[in-house]
Amino acid sequence: MSATQDKKLTDIVIDDLMIPSEKVAHVQVNNPLEHALLILVKSGYSAVPVVDSSYKLVGTIGKTPILNKVIGLERFEMEQLSAMQVHEAMNTDIPRLSTSDTFMEGLKAVINYPFVCVADEDGYFDGILTRRVILKQFKRDYYTFKSEV
Ligand code: AMP
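Following our numbering, the numbering of the sequence shown begins with -15 at its first residue and continues without gaps.
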C-alpha cells in the first residue's frame, strides 16, 4: 500500500511523496563536467541534484549550462569538458524542501521547477519531489474525494 493511500492532501507530507536519494541520479561537486553530461544524457533527465563529498546538497546541474560552458565560435569544444568540474556550471540558487513540509508547500515549490530537492536540517540530501508526483496526487485526491463535496 502506498504511503498516501486514503490520505487527504492536508495529511500528506513531502516524505510520503519524495523519490528517496538512493533512487535519484546525482553527481558530485568535483566530478568532471564530462561525467555530469554522461549521467544526464544516459538518464534522459534535463537536470539532476549535486551533492558534496559528505552527501550534503549543494545545487543542481542541467545540460544547457554544461553545453554553454563549451560553446565556441563555430562548434561545441567538447574536449574541454574533462578539464572542468561540476561546480563551474551548477546552479546553487535552488529552493529546497524538508521531509516534514506539507503537500501545499511542495505544490508551491514545484510551480516553477520540474523537481525540487529535499534536504534535512543539516543539509544532507534526502531525495527529490517532482511536479509529476504532485500532479498525480492532486488528481487522485480529486477523484477519491469529489463524491464527498
Ligand atoms: P518527471 O516529473 O519524472 O519527468 O521528472 C522531472 C525531472 O525531475 C526530471 O527531468 C529530472 O530532472 C528530475 N528527476 C526525476 N526523477 C529523477 C531521478 N530518479 N533521478 C534524478 N532526477 C530525477
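A virtual CB, placed ideally from N, CA and C, is assigned to each residue, including glycine.
Residue i, enclosing alpha helix (DSSP H) - first and last residue
| i | result |
| --- | --- |
| Val117 | Arg115 to Phe129 |
| Leu22 | Leu17 to Ser27 |
Check: residue i C-beta below 7 angstroms from any heavy atom of the ligand AMP
| i | result |
| --- | --- |
| Ile3 | yes |
| Val79 | In the sequence as displayed, the identity of residue 79 is Pro instead of Val. Incorrect: Pro79 has no Cβ contact closer than 7 angstroms to the ligand AMP. |
For residue i, the residue or residues it bridges with in DSSP
| i | result |
| --- | --- |
| Thr134 | As shown, the chain starts at -15 and ends at 133. That puts residue 134 outside it, with no answer to give. |
| Leu81 | Val102 |
| Gly111 | Pro4 and Val102 |
| Gln69 | Pro16 |
| Asn96 | Answer is none; Asn96 lacks a bridge partner. |
| Asn75 | Thr44 |
Range of the contiguous beta strand (DSSP E) that encloses residue i
| i | result |
| --- | --- |
| Thr136 | Outside the displayed span of the chain (-15 to 133) sits residue 136, for which this structure offers no information. |
| Ala(-13) | That residue, Ala(-13), is in no beta strand (DSSP E); it is neither H nor E in DSSP. |
| Val102 | Phe99 to Ala103 |
| Val13 | No beta strand (DSSP E) holds Val13; DSSP gives it neither H nor E. |
| Val32 | Ala31 to Val35 |
Residue i beta carbon near the ligand ADP (any heavy atom closer than 7 angstroms)
| i | result |
| --- | --- |
| Tyr97 | The model depicted lacks the ligand ADP and carries the ligand AMP instead. |
Is there contact here, the stretch -1 to 13 with the stretch 105 to 118, by at least three beta-carbon pairs under 8 angstroms?
-> Touching, yes.
At least three beta-carbon pairs within less than 8 angstroms, the stretch 79 to 89 to the stretch 21 to 39 | No, because fewer than three Cβ pairs between the stretch 79 to 89 and the stretch 21 to 39 fall closer than 8 angstroms, the two stretches do not touch.
Whose beta carbon lies closer than 5 angstroms to any heavy atom of the ligand AMP, going through the chain in order?
-> That gives Val8, Ala9, Tyr29, Ser30, Ala31, Val32, Pro98, Phe99, Thr114 and Arg116.
Can you find at least 3 beta carbon pairs, one from the stretch 12 to 19 and one from the stretch 57 to 74, that sit closer than 8 angstroms?
-> With the cut-off at 8 angstroms, the stretch 12 to 19 and the stretch 57 to 74 touch.
Is there contact here, the stretch 30 to 45 with the stretch 103 to 110, by at least three beta-carbon pairs under 8 angstroms?
-> For the pair of segments examined, the stretch 30 to 45 was found to touch the stretch 103 to 110: the number of CB pairs separated by less than 8 angstroms reaches three.
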